[in-house]
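Report on the structure given below.
2 protein chains.
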Amino acid sequence: MTDSPFELVVGNSPSGPRLGVLPTTHGAVRTPAFMPVGTQATVKTLEPFEVAQTGAEILLSNTYHLMLRPGVEVIERAGGLHAFMRWDRPILTDSGGFQLYSLASQVKVTDEAATFKSHLDGTPFVLTPERAVQLQAGYGSDVMMALDHLVGLPSSASRVAEAFRRTHEWLGRCIVERRRLAEQGSVGSLFGIVQGGLDPGLRAESAGLVGEADVAGCAIGGLSVGESKAEMAAMLDVVTPLLPVDKPRYLMGVGSPEDLWEGVARGVDMFDCVLPTRLARNAGLFTPTGRVNIRRMEYRDRHAPLDETCDCHTCRTYTAAYLHHLYRSREILGLKLGSIHNVRFLIRQTETMRAAIADGTFDDARAEFRSRYRAVGDEAPVEESC
Amino acid sequence: MTDSPFELVVGNSPSGPRLGVLPTTHGAVRTPAFMPVGTQATVKTLEPFEVAQTGAEILLSNTYHLMLRPGVEVIERAGGLHAFMRWDRPILTDSGGFQLYSLASQVKVTDEAATFKSHLDGTPFVLTPERAVQLQAGYGSDVMMALDHLVGLPSSASRVAEAFRRTHEWLGRCIVERRRLAEQGSVGSLFGIVQGGLDPGLRAESAGLVGEADVAGCAIGGLSVGESKAEMAAMLDVVTPLLPVDKPRYLMGVGSPEDLWEGVARGVDMFDCVLPTRLARNAGLFTPTGRVNIRRMEYRDRHAPLDETCDCHTCRTYTAAYLHHLYRSREILGLKLGSIHNVRFLIRQTETMRAAIADGTFDDARAEFRSRYRAVGDEAPVEESC
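Protein sequence lines correspond, in order, to chains A and B. Anchor point for the first sequence: position 100 equals 100 in our numbering, and the numbering is continuous, going up by one each time. Anchor point for the second sequence: position 225 equals 225 in our numbering, and the numbering is continuous, going up by one each time.
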């Protein structure tokens, strides 16, 4: 079966908070886990040692972006993505399915393959389920994602049904291709992706198909793309009870503080999102009571850490007044210090949740978080692509 | 007299290479020294610990920029510039004279004061020699610069003469003001600035006046503003022989590798320039044989350090292929890694020069550098302002 058996430490309900460990050849990942996003082989503004200092145990990188630039051949000759970017902890790579939907141009999808042109320079590419696995193996990914077919909504019922069918057929081909590569040598594990939009019936069917497949984990895709938080929660309530208890569940592209708590409450183990780094590049910083804009004049003379309770490098070293000055002066250093803070904030949420699950106090901890943290409306989460 | 006596270790000629130590309350600076520029209380893209890792023992910051934003009051309430930006080594601040010439709008200069408007938002300011010293004392500067009056060339002879006279009168007022502040408490030392454009007579007269003044060091200003390297060298040949041997000489705004060697050969002890960080933000990186553009395709597959002989963090950690990828992908991390490399390259030039001076082999080392390093034409050096 899989070569990355998930170890469930606490939590035997399929849809409640769980504590686990995901082993990989680059080390173990404790779950619930948040994965910072290194779209182009870098978590924007940060060096790998700085990402590690936030406590991140795994990061995500993007098959689509890396196949366009620098190309898998360059990464292979570098000795893989870990060596290329100097990150020695686990890497999960997505398959490119989301970027085919969100970023690529002139995309044509048949059962056999997706053909598309690079959004950078129009170079034509062909991506098949087999190729998506080969690329991820070429990067040296620890956790590979199956290629899925997303369609924008609204679409005709027949088109949605076709993409749905194709996603699960492609999962089968990814499994076969991964098995073939595994016979030749070490290769990362493979996660399947549950799709189905906001249709409870399709979601349930997809959860069943992915849950029964020979995969190391089950991702939940196609959420966090503009729907409300209530709609996302409703889909999780449909999906996670149907997934196998003994495999990790990964909610793709999700990563606001409140979404992490709600996801874990419903049995999700892994998350990724560009939100912390993208927000930081736009002066939005997390605090225990909610997001703030560091450019606001109230910080001009605040000669104390932005968050006195924060243990991140930024808060332990610099004042809010200095951060304010850097952002006002459009200094690149500000973007980096803000990114460190925001990533650490999300990682610390997962640490708090893991401790609470271990103690059996998750519900209290979640209530405490909700009473304190003012989430930003019911707005659409930030999309995954960069 | 001065409270920062310069210690000359090697070199008793006024116009040959010298080895020295400049003590300050934040530690000693070994000369020849290169000062990275932290215009807005940050060396662009770098944290202070990263600047320190390059071996920099002192950095420069800008009175003009800091008075506009965040304002001296904010920095004073932060506990001074060192505390504000978390740099615990010496800081030299320029006086604002150069930015009045290059950046401010609606500048009017009388013997009493310069009035101008912020280039950021039009806020009106008044700067006197006394105020320039007060501001620098407010920042907690270790080495303060006297306010000078620069005029663009060509200007009428009477206008040049007036600015020249005014610069030396203002020096006198800065000395008096610094003395007054020193009686009240600890205050940094003061350097005067030799002006005179490309006129050997004026330069010689200015060198005499500044050299006789009660200053801790003698800066050479108004060079590296568009003249040729030969013209700059000719002015140094006029000025340094006339300066006191026992005070440090600081060539303002100069900092290409070749200019450092030529300056030290002529008796200069200190340099500053935005060149290494500005070049790095534009993909220009120093190598032992000259500058290169890291975006060039020849680096795409170079899975080795950009410079095998370089001991900087960037070259010890990342490959040229990875840097190339970051620059091609317009990733902020590239700008930072390039800045580390370039600053370290210049700092290493000073380390090499200091060792050679100590060994009595400076001429050989300079010949070796010149035979190896291909300088970029006879082009104008980068200007100081940002």
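Where a beta carbon is used, it is the ideal one built from N, C-alpha and C, also for glycine.
Boundaries of the beta strand (DSSP E) around cysteine 273 of chain B: 270-273. Across the set A:Arg266, A:Met270, A:Ser256 and A:Gly267, the C-alpha of A:Ser256 shows the shortest separation from the C-alpha of alanine 280 of chain A.
Around the beta carbon of valine 376 of chain B, fewer than 16 other beta carbons lie within 10 angstroms, which makes this residue exposed. Distance between leucine 92 of chain B and threonine 25 of chain B, taken at the CA atoms: about 12 Å. Proximity to serine 371 of chain A across A:Phe49, A:Pro288 and A:Trp87 peaks at A:Pro288, based on C-alpha coordinates. Going by DSSP, phenylalanine 34 of chain A is part of the beta strand (DSSP E) stretching over 33-36. Of the candidates B:Phe116, B:Ala216 and B:Ala265, B:Ala265 places its Cα closest to the Cα of aspartate 237 of chain B. Taking valine 143 of chain A as reference, the option from A:Val133, A:Gly217 and A:Ser189 with the minimal CA-CA separation is A:Ser189. Under the Cβ criterion of 7 Å, glutamine 53 of chain A is not counted among the residues facing chain B. For valine 72 of chain A and alanine 204 of chain A, the gap between their C-alpha atoms comes out near 35 Å. Using a Cβ-Cβ cut-off of 7 Å, phenylalanine 84 of chain B is close to Tyr322 of chain A, given in chain order.
Residue pairing for glutamate 7 of chain A: DSSP places it in a beta bridge opposite A:Val21.
In the structure shown, proline 154 of chain B falls within a coil segment according to DSSP collapsed to helix, strand and coil. Using a Cβ-Cβ cut-off of 7 Å, proline 17 of chain A does not count as an interface residue toward chain B, since no Cβ of chain B sits closer than that to its own. Counting other Cβ atoms within 10 Å of its Cβ, alanine 365 of chain B reaches 16 or more and is therefore classed as buried. Within 10 angstroms of the beta-carbon of proline 305 of chain B lie 16 or more other beta-carbons, which makes it buried.
Inter-segment contact for the region 349-358 of chain B and the region 118-134 of chain A is absent: fewer than three beta-carbon pairs are separated by less than 8 Å.
For histidine 26 of chain B, there are no neighbours in chain A by C-beta distance under 8 Å, as the nearest C-beta there is about 18 Å away. Within chain B, the residues Arg86 have their CB atoms less than 7 Å from the CB of tyrosine 318 of chain A, given in chain order.
Put simply, the region 134-149 of chain A touches the region 69-88 of chain A. At least three CB pairs are less than 8 Å apart.
Contact annotation for leucine 335 of chain A against chain B: Ile332 [CB-CB distance below 7 Å, chain order]. For proline 70 of chain A, the closest alpha carbon among the candidates B:Thr167, B:Arg300 and B:Leu335 is that of B:Arg300. Chain-order list of chain A residues neighbouring threonine 45 of chain B: Ile332 and Leu333, by C-beta distance under 7 Å. Annotated as proximal: valine 254 of chain A and serine 224 of chain A, with beta-carbon spacing under 7 Å. Close CB contacts of glycine 211 of chain B within its chain, under the 7 Å cut and outside five residues either way in sequence, are with Cys218, Leu242, Leu243 and Pro244 (chain order). Rounded to whole angstroms, the gap between the alpha carbons of valine 9 of chain B and proline 17 of chain B is 11 Å. For the set B:Met270, B:Cys273 and B:Asp199, the Cα lying nearest the Cα of serine 155 of chain B is the one of B:Asp199. Sequence-distant partners of methionine 252 of chain B (beyond 5 residues in either direction) whose C-beta falls short of 6 Å from its own C-beta, in its chain, are Ala219 and Gly221. Within chain B, Arg69 and Pro70 have C-beta atoms less than 8 Å from the C-beta of arginine 328 of chain A, given in sequence order. Contact between threonine 277 of chain A and threonine 45 of chain A holds, since their C-beta atoms are separated by about 7 Å, short of 8 Å.
For aspartate 259 of chain A, the enclosing alpha helix (DSSP H) stretches over residues 257-265. Under the criterion of beta carbons closer than 8 Å, asparagine 12 of chain A and threonine 39 of chain A do not qualify as touching, at roughly 36 Å.
Residues of chain A with a Cβ closer than 8 Å to the Cβ of threonine 63 of chain B do not exist, since the nearest Cβ in that chain sits about 15 Å away. For the options A:His324, A:Gly267 and A:Asp311, the alpha carbon positioned closest to that of glycine 284 of chain A is the one of A:His324. For alanine 33 of chain B, same chain residues with a beta-carbon under 8 Å away, outside a window of 5 residues either side, are Leu22, Glu57, Ile58, Asp269, Met270, Phe271 and Thr350 in chain order. In this structure serine 206 of chain B is buried. Its beta-carbon is surrounded by 16 or more other beta-carbon atoms within 10 angstroms.
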